[in-house]
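Have a look at the structure below before the remarks.
Protein chains: 2
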Amino acid sequence: MPFPSDLQIAQGAALKPLGDVAAAMGIGPHLMEAYGEHVAKIKLSAVDELAGRPRAKYVVVSAVTPTPLGEGKTTTTVGLGQALCATGRQATVAIRQPSMGPTFGIKGGAAGGGYSQVVPMETLNLHLTGDFHAVTAAHNLLSAVLDNHLFQGNTTGIDPHDITWRRVLDVNDRALRNVIVGLGSRMDGIPRQTGFDITAASEVMAILALSRSLQEMRERFGRIVVGYTKGRTPVTAEDIGGAGAMTVIMREALKPNLMQTLENTPVLVHAGPFGNIAHGNSSVVADLIGIHSGEFLVTEAGFGADMGAERFFNIKCRASGLVPDAAVVVATVRALKAHSGRHRIVAGQPLPDALFAENPDEVHIGGANLRKQIENIRLHGVSPIVAINAFPGDHPSEHAAIAEIAAEAGARAAVCTHFTDGGRGARELAEAVAEAADEPSAFRFLYPDSAPLREKIETIATKVYGAAGVDYDLLAARQLATYEANGYGGLPVCIAKTHLSLSSDASLTGAPTGWRLPVREVRASVGAGFIYPICGDMRTMPGLGATPAAHLIDIDRDGNIVNLS
Amino acid sequence: MPFPSDLQIAQGAALKPLGDVAAAMGIGPHLMEAYGEHVAKIKLSAVDELAGRPRAKYVVVSAVTPTPLGEGKTTTTVGLGQALCATGRQATVAIRQPSMGPTFGIKGGAAGGGYSQVVPMETLNLHLTGDFHAVTAAHNLLSAVLDNHLFQGNTTGIDPHDITWRRVLDVNDRALRNVIVGLGSRMDGIPRQTGFDITAASEVMAILALSRSLQEMRERFGRIVVGYTKGRTPVTAEDIGGAGAMTVIMREALKPNLMQTLENTPVLVHAGPFGNIAHGNSSVVADLIGIHSGEFLVTEAGFGADMGAERFFNIKCRASGLVPDAAVVVATVRALKAHSGRHRIVAGQPLPDALFAENPDEVHIGGANLRKQIENIRLHGVSPIVAINAFPGDHPSEHAAIAEIAAEAGARAAVCTHFTDGGRGARELAEAVAEAADEPSAFRFLYPDSAPLREKIETIATKVYGAAGVDYDLLAARQLATYEANGYGGLPVCIAKTHLSLSSDASLTGAPTGWRLPVREVRASVGAGFIYPICGDMRTMPGLGATPAAHLIDIDRDGNIVNLS
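Taken in order, these protein sequences are the chains called U and W. Read in the working numbering, the first sequence has 140 at position 35, and its numbers run on one by one without any break. Read in the working numbering, the second sequence has 366 at position 261, and its numbers run on one by one without any break.
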């Protein structure tokens, strides 16, 4: 019998009434708002109501540098949550909401996989409670208010050629990357070039993820910089009168969404900021609730530990005030072999046979990446645990190689089979995580708020990425000076580089050294509260392939969804 | 004490648990899915489950030709529903979901007003259960699939200069009316000119409103024509592989939303197609449920009786198979005075004093419009009832004048004060509606499916609008011939003309005669199932004014919404 598809497993799930799932977290029905049968929003009053309860151990799940093979980070996050519950611990999982763009683009959902999934996966991957749609609506309302501001006389004197606020849609649509708007007659607006990003890339999304309260979200919206005057004075959403209406559109979206895993472990799904131009972590509000809802809160950070976990520590924890107790680094045999640099792996192409030959030495070579990512966790004073996510075709000697790498780096490690076995496949990992989290946390930020922006960039580049130094283009240098003059120097930085290498060159595997980080330009998400240097081509609007999933996804005669994955 | 604002009244409402509201309709909890505390979706299985129950009287609410003064059609629809319940009859109200564009544009919600409102009005006016967002997402996914189809090689041979499918957003944004997409590098798509409409104008919205089942919606999506080859062969959503994914995105949106009035009368809120380029009526699915949920189903049609009610009869009832029993025509003293043509009334400007002087003769002159709209109801074999919606400053002699006009036309009439008094203010109207609905229905379509398209257009123009004839531009004549050649000749027609006059000239008040309807071009909504001749400038994307509501809407210190109306 072939292993069932994710959708088949998900559709066969034995879901518990969501009230029971919430009750296990100590959350009563008065704090819940049902959205359909299997999703509820948690009211924001839960944050204050739960604040006095014991604090859960706070565990972030990160990974080695991603490869086209897929390392199963969400699957491991879900599997670990299930395993903690299976070993008698009350755990809550916190993940980002998937974007609908990739759901209909590249095949591959974001609900975990196998027997470690969030369910119902159709609901998770489609709309959920509409938070992404609210982000789209709030973002584009500000865009409309901005173009109307130009049309009605431009009282702020904003330079139409220095507008930084674009539009967003939650769809993979390359034709929207660069557009000219305002064509037609004199009553149809002021023509200018702009473009659309995918909704996950919206600053509104980052603000949703980083706000602790409705009032804070309102203030952050007000601080959004939409562009500059000819004299380089920033013009904000508050200046043009859009921030209040955006807050009203986003009011319900700030409430986290409660779902469950296949084993009924509670899952908070909330916000989905991009992992390169934004900080790539689920919401602060969800974690402020989850941190008082049991013994463990397991949260996922986007991409490798140099990306998602670094931002988790230095951006998200700075915003939330929460202190992490342990950090899981997901590694696979296949990924470390890929990091040896000996295989040519292309997304969508068949994998080379050589990748499957027993070769622990190659794992050791590619293990340089894992060593560096473990170090990146340690840099922040947090205990690392390596989750060896087993795949069919792995060899025991190769698992042993990963365990050796971990042991040499002083990290705990465990082989996990949660994809095929659910929570019981990650029991060893759960025990290792529990032990690590029991050690006193020595958590520290990598840099102080007060450090100059260049120092922040250079600290991350040299300490986390392993760069020899940083080079700034003239534009970038000028922008950094302007931002410090504008009073944004105290913000953390979110370096936008490729997620496919520790370096800024996607083709470099392992743990490259001797390279320099090139900063081409620097942008500011003032409302979200970070500065993001651009170190490469960052695609903020994906396209569809020759045979997108949209061509295959459909309903059957009974109205069931088919080909969604 | 000043009369409270709509928002104040709405926020003070005594809402019943929605399960009780549904129970009054004979709908059990197994047919409901809660969406927050005060909205539920009704499962589609309700259509079959309720089908054997007694059929309610089916009442459509229409109006005289709209003026900038506002006639209170939604308010009367809600007030009538409340009044039917207040007089011991089980009634359900069915209305369209408001668009978020105007909510943040021109001040003025769409939840009714005063003591005849649908609540919570914030929920109704913002997102509701996300159906509009689903329409936006499904529509724009098809746009992305279409531009990707061009980019990946255009196997259908669609002519890039003859693409009819645009994009949509639920925002008032004039800068998006005309855009060029696909700029940038070779990997950023094929450059071409296109534009955005507001979501209510999407054919997806019309399809949502006209489908009786999920499978029918799937088939309608497949029939959407997105453009033509150079040989004028239509290319459909099915041809380019988008219809299945659209259905998956729209699956939840097809379930109607249940809310309640201030007096706990059940309200089905579902879909919101435009009233000029589409048919402007709430959904067939909601009515298929509501028709078996009590003694009366009161549904609203957009604009005047020549527009919304004509399409209700000839498009919506044709799609649903339901037969109306009575039709209310809402009239106000102020509107009929405006239809006398003696006052210059501009939206947003102070009203002329002369409008408020006691002048029943002027009401009689403007009453020509009411006489014609009553006739337009009679043309379809349905009993008309005139709802005289009282405003402060009206004079009893003027109400009497309207009653005389109605009596001369053989229609029942009643003065209503539901805005200030709620349902008890419309009891007389409720009795008149009940009497009219008890008469045997002689309902008939205005034209058979088999009539040629030109005959359908000419029938509506001459019989309903009072035109002397129809003139076709060469383009329009060619398009009509092409559509008939394409096999679309059996579709009903939805004439896109101004809603501000019975004629195609918005400045003509009363009941103009001797004019000819100019058809400039003809478009086809093949999926929705109608042909729409364009007879004037149809604005499908509104703009924001100098001081849009978006500048004022905000939250207060307690997180409550302010300035939403």
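Here a beta-carbon is modelled for each residue, glycine too, at the ideal position from N, C-alpha and C. Computed from a predicted structure; not experimentally measured.
Open item on the list: Is the beta carbon of S609 (chain U) closer than 7 Å to that of P617 (chain U)?
Closed with: Taking a C-beta distance under 7 Å as the contact criterion, P617 (chain U) and S609 (chain U) do not qualify as a contact pair.
Task: Simplified DSSP state of Y637 (chain W), which is helix, strand or coil - done: strand
Task: Buried or exposed (CB count within 10 angstroms, at least 16 for buried), D267 (chain W) - done: By the 10 Å Cβ count, D267 (chain W) comes out exposed.
Task: Residue of W:V340, W:G650, W:A249 and W:G595 minimising C-alpha distance to I636 (chain W) - done: W:G595
Open item on the list: Under 8 Å, with one C-beta from each stretch per pair, do the stretch 334-341 of chain W and the stretch 358-375 of chain W reach the 3-pair mark?
Closed with: no
Task: Collapsed DSSP secondary structure at H232 (chain W) in the structure displayed - done: Of the three classes helix, strand and coil, the one that applies to H232 (chain W) here is coil, per DSSP.
- [ ] In the DSSP assignment, find the beta strand (DSSP E) that holds E626 (chain U) and state where it starts and stops.
- [x] E626 to S630
TODO: Following the continuous alpha helix (DSSP H) through P501 (chain W), name the residue where it begins and the one where it ends.
DONE: P501 to E513
Open item on the list: Let me confirm a value: D344 (chain W) is counted as buried when at least 16 other C-beta atoms fall within 10 Å, else exposed. Which label applies?
Closed with: buried
Open item on the list: Run through the DSSP bridge pairs and tell me what I450 (chain U) is partnered with.
Closed with: DSSP lists no partner for I450 (chain U).
Open item on the list: Counting only C-beta atoms, is T197 (chain W) closer than 7 Å to chain U at any point?
Closed with: At a cut-off of 7 Å between beta carbons, T197 (chain W) makes no contact with chain U.
Task: Minimum C-alpha distance to V165 (chain W) - residue among W:G385, W:V631 and W:L456 - done: The closest CA to that of V165 (chain W), considering only W:G385, W:V631 and W:L456, is found on W:G385.
Open item on the list: I need the straight-line Cα distance from T192 (chain W) to G184 (chain W), nearest angstrom please.
Closed with: T192 (chain W) and G184 (chain W): Cα-Cα distance of roughly 12 Å.
Task: CB contact check: R279 (chain U) to chain W, cutoff 7 Å - done: yes
TODO: Verify whether the separation of the beta carbon atoms of T182 (chain U) and F237 (chain U) is less than 7 Å.
DONE: no
Task: Residues that F401 (chain U) bridges to, as DSSP identifies them - done: U:K162 and U:A196
Task: Interface flag, V353 (chain W) vs chain U, CB-CB below 7 Å - done: yes
Task: Residue-chain proximity (G336 (chain U), chain W), Cβ-Cβ < 7 Å - done: no
Task: Nearest-angstrom Cα separation, counted from H656 (chain U) out to V575 (chain U) - done: 44 Å
- [ ] Run down chain W in chain order and give the residues with a C-beta less than 8 Å from the C-beta of I600 (chain U).
- [x] Per Cβ cutoff of 8 Å: no residues; I600 (chain U) is ~24 Å from chain W at best.
TODO: Flag this pair as touching only if the stretch 379-398 of chain W and the stretch 505-518 of chain W have three or more C-beta atom pairs under 8 Å; answer yes or no.
DONE: no
Open item on the list: Can you pull the chain U neighbours of M205 (chain W), defined as C-beta to C-beta under 7 Å?
Closed with: A242
Task: is_contact[F209 (chain W), chain U] using C-beta, thresh 7 Å - done: Interface residue (Cβ-Cβ distance to chain U less than 7 Å): F209 (chain W) is classified as such.
Open item on the list: Just checking: is the beta-carbon of H143 (chain U) within a distance shorter than 7 Å of some beta-carbon in chain W?
Closed with: no
Task: Minimum length 4: unbroken alpha helix (DSSP H) runs contained in the stretch 307-335 of chain W - done: 308-315 and 319-328
- [ ] Note down the Cα distance separating H232 (chain U) from R356 (chain W), rounded to an integer number of angstroms.
- [x] 11 Å
Open item on the list: Rounding to the nearest angstrom, what Cα-Cα distance links V491 (chain W) and E480 (chain W) in this structure?
Closed with: 12 Å
- [ ] Identify the contact partners of N283 (chain W) in chain U, using a Cβ-Cβ distance below 7 Å as the criterion.
- [x] Neighbours of N283 (chain W) on chain U, chain order: L288, G289 and D293.
Task: Residues bridged to F301 (chain U) [DSSP beta-bridge criterion] - done: U:R272
- [ ] With DSSP as the reference, label H485 (chain U) as helix, strand or coil.
- [x] coil
Task: Separation of T437 (chain W) from F496 (chain W), as counted between CA atoms - done: 8 Å
- [ ] Kindly indicate which three-state DSSP category C521 (chain U) falls into: helix, strand or coil?
- [x] strand
- [ ] Check the Cβ-Cβ distances between D252 (chain U) and every residue of chain W, and say whether any is below 7 Å.
- [x] yes
Open item on the list: If distances are taken between C-alpha atoms only, which option among W:T614, W:I211, W:V434 and W:Y163 comes closest to E409 (chain W)?
Closed with: Here residue 409 (chain W) is Gly; the residue named in the question, Glu, does not match the sequence. It is W:V434.
TODO: Using DSSP bridges, identify the partner residues of L622 (chain U).
DONE: U:V575
Open item on the list: Looking at chain U, is there any beta carbon in it that lies within less than 7 Å of the beta carbon of L61 (chain W)?
Closed with: Because chain W here runs from 106 to 670, residue 61 (chain W) falls outside it and cannot be looked at.
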